[in-house]
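The block underneath contains the structure these notes are about, expressed in structure tokens.
Numbering (the working numbering), first residue to last: 51 to 158.
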């Protein structure tokens with residue numbers, strides 16, 4: 051019953067209803083904790099894509115270029131750089147573009 055404190059009406063007063071509501075709440079909380087990770091990852095990707103708008107690169111080619119260059123920066127850091135330090139993000143974009151050009155030169 052203590053877990054049902056704050057619920058409205060019978061959901062906090064009646065034992066069976068309170069127990070069912072607490073179980074439902076725990077299931078919802080578990081599901082939403084998983085969904086939050088997906089939502090934030092898509093937000094990070096959208097921010098990175100917005101930062102790449104004027105650079106003739108899309109998200110997947112940018113990430114591939116960073117991997118080729120050996121830059122190990124995760125998406126959350128890239129997203130924050132896009133928003134708070136655009137000049138540093140520009141340098142990373144240039145690094146990725148150079149790595150992609152060198153790959154094309156080797157292949158062609």
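Virtual Cβ for every residue (Gly too), placed ideally from N, Cα, C.
The stretch 66–84 and the stretch 98–112 do not touch, with fewer than three beta-carbon pairs separated by less than 8 Å.
Nearest to residue 118 by alpha-carbon distance, out of 140, 104, 144, is 144. A contact between stretches requires three or more CB pairs, one per stretch, nearer than 8 Å, and the stretch 51–61 fails this requirement with the stretch 85–96. Setting aside the 5 residues that flank it on each side, residue 149 is surrounded in the same chain by 115, 118, 119, each with a C-beta closer than 6 Å to its C-beta; the list follows chain order. The residue among 156, 152, 132, 140 with its C-alpha nearest the C-alpha of residue 94 is 132. A straight line joining the alpha-carbon of residue 108 with that of residue 72 spans about 45 Å. When the Cα atoms are used, residue 139 and residue 82 turn out to be separated by approximately 31 Å.
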